[in-house]
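As structure tokens, the structure follows; a few thoughts come after it.
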Amino acid sequence: MTQFQDLARRAQTAMRDVFDATPLQRNAHLSLRYGAEVYLKREDLTPVRSYKLRGAFNAMRKVLASDPSKDVFVCASAGNHAQGVAFMCKHFGVRGVIFMPVTTPQQKIFKTKVFGGDAIDVRLVGDYFDDTLSASQEYCDEVDGTFLSPFDDEDVIEGQASVAAEIERQLGRAPDHVILPVGGGGLAAGVCGYFGTQTHFTLVEPKGGASLKAALSAGKPVRLPSLDGFVDGAAVAQIGSKTFVRLASIDPNDVISVPEDRICTTMLEMLNVEGIVLEPAGALAVDALADVADQIKGKTVVCVTSGGNFDFERLPEVKERAQRYSGVKKYFILRLPQRPGALKEFLGILGPEDDIARFEYLKKSARNFGSVLIGIETKKTENFEVLFARLDAAGMGYSDITNDETLAQFLI
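Here our numbering is used: the first residue of the sequence shown is 21, the next is one more, and so on.
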């Protein structure tokens, strides 16, 4: 046993005074699909519905053990880290000051306050996270508090490694293959550090936040020039320096980036087929099974479902993105002749499984043609080939803008 494994096991044991181990569940549906023994490590079932309270617990536990007079803990977060810190502040009976961006959804603010109760103070500062982080660190220095990093801290990494210690105990051995989401790298650094070379790893990032892939390419942590925040639990502009030290030896071929829209198809499948609610980051590991299907046949595979803090107000967006990725929903701009019967002619071109989901004149004038934004939902992707062939035959010009991010941002 390595020293790191021993520390992770001690952290795991200490956690049992606060919350139960999360289940390790064999998933029959995924096992059958991929010809493997696929297990889900259900971190979405912790008291705060994510693994983040593990790192917060371990870091706070160690600080208080070395200096019991420490009574102010500070963090900056708009999501799961805030909730984990709040929960642990209430548990340890210490004061927590949690900085969140002004733009944080009320649901996340409310849940953080519920977990922390009177033990915490939530402060909304800054429109962007960098401003929030700066304000939190300045405040922490002013009050001589303890700053709790969401991932780039050795005690936090050690706490997240308790996930691996539980997997080993529940399975009775190290799994053949573990699939992990990566944001700042705390969970991945902990689990990879615990299992080492006895397990093969696949690390998964959202395509719009591939900070580990960028760091491996550069040989050091680098800041991404832009960030897609849809997968909010894993969209991090720069991998942590401490976490990267532990992940620098990972084979770049074992780090994959998956499209945000594809993640939505997995979220819906897990909800509709298994009744499991996952946030986008929580679905990353399951989504990546398709990318490693050839590697895992006959193997014992563990996917860490890292979180289930999903706001159902986002469900229409998730469904929309999933349909667009699956090819059963498209948007296009139609050049419609400005003459009587033109609209009726267009409706006659639609197939029996084609439904109009959006119809909006973008420009209608006395000229010969007008521009119309059309959204079509259908049952099968091949129906669009038939539709577009009919439009071409009728001489109706159109432009498919489904995957045009700029136009979609303003029009869809």
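Quick reminder that beta carbons are idealized off the backbone N, C-alpha and C, glycines included.
#### Entry: Cβ shell of S169 (< 7 Å), same chain only, five flanking positions each side left out
Here residue 169 is taken as the residue at index 149 of the sequence shown, counted from 1. For S169, where only same-chain residues beyond five positions count, the Cβ hits under 7 Å are V176.
### Expected contact under 8 Å - CB spacing of S51 and N100 to nearest Å
By 1-based counting over the sequence shown, the position of residue 51 is 31. By 1-based counting over the sequence shown, the position of residue 100 is 80. That pair is no contact at about 28 Å.
### Query
Do you know offhand how far S261's Cα is from D271's?
In the sequence shown, the residue the question calls residue 261 occupies position 241. In the sequence shown, the residue the question calls residue 271 occupies position 251. Between the alpha carbons of S261 and D271 lies a gap of roughly 18 Å.
#### Entry: Limits of the alpha helix (DSSP H) - the one that Q190 falls within
Mapped onto the sequence shown, residue 190 falls at position 170. Segment S182 to L191, the alpha helix (DSSP H) holding Q190.
### Message
Out of D91, S86 and A139, which one is the CA nearest neighbour of A102?
### Response
By 1-based counting over the sequence shown, the position of residue 102 is 82. Selected option, being the one with the closest Cα: A139.
### Residues bridged to T325 [DSSP beta-bridge criterion]
The count along the sequence shown starts at 1 and reaches residue 325 at position 305. For T325, which the question treats as bridged, DSSP gives the partners R62.
### Query
P121 by DSSP, collapsed to three states: which one?
As a position in the sequence shown, residue 121 is number 101, starting the count at 1. Note: P121 maps to coil in three-state DSSP.
### Task
Please determine, among Q157, A208, D87 and Q32, the residue with the shortest C-alpha to C-alpha distance to C323.
For the purposes of this step, residue 323 is taken as the residue at position 303 of the sequence shown. Shortest Cα-Cα distance from C323 to any of Q157, A208, D87 and Q32 involves A208.
### Query
In terms of alpha-carbon separation, which member of K399, A235, M416 and P245 lies closest to P372?
For the purposes of this step, residue 372 is taken as the residue at position 352 of the sequence shown. It is K399 whose Cα lies nearest to the Cα of P372.
#### Entry: Cβ separation of T42 and L65, assumed to be a contact under 8 Å, to the nearest whole Å
Locating residue 42 in the sequence shown gives position 22, counting from the first residue. Locating residue 65 in the sequence shown gives position 45, counting from the first residue. Right, their Cβ atoms sit about 5 Å apart.
#### Entry: C-alpha gap between S419 and V251, whole angstroms
Reading the sequence shown from its first residue, position 399 is the one you call residue 419. Reading the sequence shown from its first residue, position 231 is the one you call residue 251. Roughly 29 Å separates the two Cα atoms.
### Message
Between the alpha carbons of S97 and F149, how many angstroms are there, rounded?
### Response
Taking the sequence shown and counting its residues from 1, one reaches residue 97 at position 77. Taking the sequence shown and counting its residues from 1, one reaches residue 149 at position 129. Approximately 8 Å between the Cα atoms of the pair.
### Task
Mind checking who R355 pairs with in its DSSP beta bridge?
Within the sequence shown, numbered from 1, the residue matching residue 355 stands at position 335. BP columns for R355 point to S391 and G417.
### Query
Given a threshold of 16 other Cβ atoms within 10 Å of its Cβ, counted over all protein chains shown, does E186 qualify as buried or as exposed?
Residue 186 sits at position 166 when you count from the first residue of the sequence shown. So E186 ends up on the buried side.
### Task
Can you give me the start and stop residues for the beta strand (DSSP E) that T222 sits inside?
The residue labelled residue 222 in the question sits at position 202 within the sequence shown. H220 to P226 is the span of the beta strand (DSSP E), which, as asked, contains T222.
### Task
My understanding is that V114 touches F93, with C-beta atoms under 8 Å, so please give their C-beta distance in whole angstroms.
As a position in the sequence shown, residue 114 is number 94, starting the count at 1. As a position in the sequence shown, residue 93 is number 73, starting the count at 1. The Cβ separation is near 6 Å, so the contact holds.
### Message
DSSP three-state label for S154, please.
### Response
Taking the sequence shown and counting its residues from 1, the one referred to as residue 154 is at position 134. The three-state secondary structure of S154, taken from DSSP, is helix.
### Message
In this structure, how does DSSP classify S51 when only helix, strand and coil are distinguished?
### Response
Mapped onto the sequence shown, residue 51 falls at position 31. Correct three-state label for S51: helix.
#### Entry: One or two residues paired with C160 in a DSSP bridge
Within the sequence shown, numbered from 1, the residue matching residue 160 stands at position 140. C160 pairs with nothing; no bridge assigned.
### Query
Can you check whether the CB of S231 is closer than 9 Å to the CB of G213?
Within the sequence shown, numbered from 1, the residue matching residue 213 stands at position 193. Within the sequence shown, numbered from 1, the residue matching residue 231 stands at position 211. Cβ atoms of G213 and S231: not closer than 9 Å.
### Query
Where do the ends of the beta strand (DSSP E) carrying P201 lie?
Residue numbering aside, residue 201 sits at position 181 when the sequence shown is read from its first letter. Looking at the DSSP string, the run of the beta strand (DSSP E) that includes P201 is H197 to P201.
### Task
Have a look at R143 and P121 and give me their C-alpha separation to the nearest angstrom.
For the purposes of this step, residue 143 is identified with residue 123 of the sequence shown, where counting begins at 1. For the purposes of this step, residue 121 is identified with residue 101 of the sequence shown, where counting begins at 1. Taken atom to atom, the span from the alpha-carbon of R143 to that of P121 is near 8 Å.
### Query
In the structure shown, what three-state DSSP assignment does R115 receive?
Numbered from its first residue, the sequence shown carries residue 115 at position 95. Three-state DSSP puts R115 in a strand.
### Continuous alpha helix (DSSP H) stretch holding S231: start and end
In the sequence shown, the residue the question calls residue 231 occupies position 211. That run of the alpha helix (DSSP H) goes S231 to A238.
### Query
Does the beta-carbon distance from G210 to E178 come in below 9 Å?
Locating residue 210 in the sequence shown gives position 190, counting from the first residue. Locating residue 178 in the sequence shown gives position 158, counting from the first residue. Contact flag set, yes.
### Query
Pick from S89, D424 and I394: whose alpha carbon is nearest that of Y381?
Position 361 of the sequence shown holds residue 381. Ranking the options by Cα distance to Y381, first place goes to I394.
### Query
Leaving out the 5 sequence neighbours to the left and right, which residues in its chain are closer than 8 Å to L84 when beta-carbon positions are compared?
Numbered from its first residue, the sequence shown carries residue 84 at position 64. Result list for L84: K90, F112 and V114, in chain order.
### Query
Should R81 go down as buried or exposed, given a rule of 16 or more other Cβ atoms within 10 Å for buried?
Along the sequence shown, one-based indexing puts residue 81 at 61. Residue burial is scored here from C-beta neighbours: R81 has at least 16 other C-beta atoms within 10 angstroms and is therefore classed as buried.
### Message
I need the DSSP call for R9, collapsed to helix, strand or coil.
### Response
The question about residue 9 has no answer here: the residues shown for the chain are numbered 21 through 432.
### Query
Per DSSP, which one or two residues make a beta bridge with Y381?
For the purposes of this step, residue 381 is taken as the residue at position 361 of the sequence shown. Answer by DSSP bridge pairing, in chain order: V392.
### Task
Could you give the DSSP three-state label for D37: helix, strand or coil?
The residue you call residue 37 lines up with position 17 of the sequence shown. DSSP, reduced to helix, strand and coil, places D37 outside both helices and strands of the structure shown, so it counts as coil.
### Query
Taking the DSSP output, what are the residues bridged to C95?
Indexing the sequence shown from 1 puts residue 95 at position 75. Bridge partners of C95: I118.
### Query
Helix, strand or coil: which one does DSSP assign to F250?
Walking along the sequence shown from the start, residue 250 turns up at place 230. Note: F250 maps to coil in three-state DSSP.
### Query
Where in the stretch 242-319 do unbroken runs of the alpha helix (DSSP H), each at least 4 residues long, occur, reported from the N-terminal end onward?
261-267, 280-289, 304-307 and 313-316
#### Entry: Pick from R341, R36, P195 and T166 that is closest to H220, judged by C-alpha positions
Your numbering for residue 220 matches position 200 in the sequence shown. Closest by alpha carbon: P195.
### Query
What are the boundary residues of the alpha helix (DSSP H) that L144 is part of?
As a working note, residue 144 is residue 124 in the sequence shown. Note, L144: premise wrong, no alpha helix (DSSP H); beta strand (DSSP E) at I140 to L144.
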